[in-house]
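Numbering (the working numbering), first residue to last: 276 to 512.
Below is the structure:
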């Protein structure tokens with residue numbers, strides 16, 4: 276199991292939200308490059324980055340920050356947020372990231388996933404963001420009405436090898452992940468599952484390992500000090 280520390284970007288700043296609510300946005304670090312360096316020093320192999328502006332309205336104004344992180348730290352990065360077309364995928368990969376995360380577009384345009392997986396294989400991950408068991412899209416604002424398990428099975432059927440699952444109600448709340456939903460997801464698909472939302476203690480990581488979850492994204496807990504990143508990485512290994 277692997278731990279992926281998170282850097283969420285809005286207007287070039289490192290921020291966090293609670294439950295995906297843009298009204299709760301608050302700055303958590305001064306500089307993305309220095310934050311990435313700290314994560315790498317703690318042993319992180321891959322940093323999870325999200326372009327919140329891209330997720331909300333398709334603007335990619337944070338790509339310069341991503342490029343700085345890659346160029347100045349040599350960090351491995353996966354990036355999502357506002358990736359909606361093959362051109363977007365190619366632009367993200369051109370930055371030098373290792374993996375592209377496709378969220379809303381995976382639901383709204385399934386043929387995109389088939390095409391992307393066929394061309395780029397394991398460099399494509401699908402982000403499934405759910406609230407009360409249904410998939411949310413467009414920056415977590417709109418409810419698609421689709422069951423998250425059905426959607427996950429559909430994505431695996433297209434050849435997707437990595438699913439990043441976020442329980443929106445847990446995100447940024449420091450109250451632990453949704454183990455029940457993750458257990459159901461683990462039973463439904465055989466591809467890699469990365470858990471996001473609520474991961475805040477070493478006990479959470481042990482619980483995810485027990486379920487057979489392949490990775491966990493740690494955000495707010497790392498910034499607040501609730502979770503020691505180096506200890507979390509060691510526990511996951």
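Here a beta-carbon is modelled for each residue, glycine too, at the ideal position from N, C-alpha and C.
No experiment lies behind these values; they were computed from the predicted model shown.
(request) Can you tell me which of the three DSSP states residue 382 falls into? (result) Position 107 of the chain shown, counted from the start, is the residue given in the question as residue 382. Correct three-state label for residue 382: helix.
(message) For residue 498 and residue 366, what's the separation of their Cα atoms in angstroms?
(response) Here residue 498 corresponds to residue number 223 of the chain shown, with the count starting at 1. Here residue 366 corresponds to residue number 91 of the chain shown, with the count starting at 1. Distance between the alpha carbons of residue 498 and residue 366 is about 29 angstroms.
(request) Excluding the 5 residues preceding and the 5 following residue 360 in the sequence, name in chain order all residues of the same chain whose CB lies nearer than 8 angstroms to its CB. (result) As a working note, residue 360 is residue 85 in the chain shown. So the list reads 380 and 387, once near-sequence residues are dropped.
(message) According to DSSP, is residue 276 part of a helix, a strand, or is it coil?
(response) Stepping through the chain shown from its first residue, residue 276 is reached at position 1. In this structure, residue 276 counts as coil in the three-state DSSP scheme.
(request) Return the first residue and the last residue of the beta strand (DSSP E) that residue 490 is part of. (result) Counting from 1 along the chain shown, the entry for residue 490 is found at position 215. Residue 490 -> beta strand (DSSP E) spans 490 to 493.
(message) Which of the three DSSP states is assigned to residue 449 in this structure?
(response) Start at 1 with the first residue of the chain shown, and residue 449 comes out as number 174. Coil, per DSSP.
(request) Note the first and the last residue of the continuous alpha helix (DSSP H) segment covering residue 456. (result) Looking up residue 456 in the chain shown gives position 181. Note, residue 456: alpha helix (DSSP H), 454 to 463.
(request) Could you name the residues of the same chain whose beta carbon sits closer than 8 angstroms to that of residue 476, not counting the 5 residues immediately before and after it, in chain order? (result) For the purposes of this step, residue 476 is taken as the residue at position 201 of the chain shown. For residue 476, where only same-chain residues beyond five positions count, the Cβ hits under 8 angstroms are 451, 496, 501 and 502.
(message) Check this for me: beta carbons of residue 311 and residue 336, under 7 angstroms apart or not?
(response) Here residue 311 corresponds to residue number 36 of the chain shown, with the count starting at 1. Here residue 336 corresponds to residue number 61 of the chain shown, with the count starting at 1. No. Outside cutoff.
(request) List the whole-angstrom C-beta distance separating residue 376 from residue 355, where the pair is believed to meet the contact cut-off of C-beta under 8 angstroms. (result) Here residue 376 refers to the residue found at position 101 when the chain shown is read from its first residue. Here residue 355 refers to the residue found at position 80 when the chain shown is read from its first residue. That pair is a contact at about 3 angstroms.
(message) So for residue 317, helix, strand or coil by DSSP?
(response) Mapped onto the chain shown, residue 317 falls at position 42. Three-state DSSP puts residue 317 in coil, outside helix and strand.
(message) Which residue wins for smallest C-alpha separation from residue 444, given the options 429, 407 and 438?
(response) Here residue 444 refers to the residue found at position 169 of the chain shown. Among 429, 407 and 438, the Cα nearest to that of residue 444 belongs to 407.
(request) State buried or exposed for residue 441, treating a residue as buried only when at least 16 other CB atoms are found within 10 Å of its CB. (result) Indexing the chain shown from 1 puts residue 441 at position 166. The residue is buried, with at least 16 neighbouring Cβ atoms inside 10 Å.
(message) One question on the structure: do residue 281 and residue 480 come within less than 7 angstroms of each other, judged by their Cβ atoms?
(response) For the purposes of this step, residue 281 is identified with residue 6 of the chain shown, where counting begins at 1. For the purposes of this step, residue 480 is identified with residue 205 of the chain shown, where counting begins at 1. No. Outside cutoff.
(message) Distance check for residue 486 and residue 350, CA to CA, integer angstroms please.
(response) As a first step, residue 350 must be located in the chain shown, where it is residue number 75. As a first step, residue 486 must be located in the chain shown, where it is residue number 211. Going from the Cα of residue 350 to the Cα of residue 486 covers about 28 angstroms.
(request) Just list the alpha helix (DSSP H) runs in the stretch 313 to 358, keeping only unbroken ones of 4 residues or longer that don't cross its boundaries, in chain order. (result) 327 to 332 and 338 to 348
(request) Could you name the residues of the same chain whose beta carbon sits closer than 6 angstroms to that of residue 413, not counting the 5 residues immediately before and after it, in chain order? (result) If you number the chain shown from 1, residue 413 lands on position 138. These residues qualify, in order along the chain: 379.
(request) Report buried or exposed for residue 411, applying the criterion of at least 16 other Cβ atoms within 10 angstroms of its Cβ. (result) Here residue 411 corresponds to residue number 136 of the chain shown, with the count starting at 1. Flag for residue 411 reads buried.
(request) Assign residue 383 to buried or exposed, taking buried as 16 or more other Cβ atoms, counted over all protein chains shown, within 10 Å of its Cβ. (result) Residue mapping note: residue 383 aligns to position 108 of the chain shown, counting from 1. Counting Cβ neighbours within 10 Å, residue 383 comes out exposed, since fewer than 16 surround it.
(request) On the DSSP bridge assignment, give the partners of residue 410 in chain order. (result) Walking along the chain shown from the start, residue 410 turns up at place 135. Per DSSP, 405.
(request) Kindly identify the DSSP beta-bridge partner or partners of residue 284. (result) Numbered from 1 along the chain shown, position 9 holds the residue referred to as residue 284. Paired residue(s): 289 and 326.
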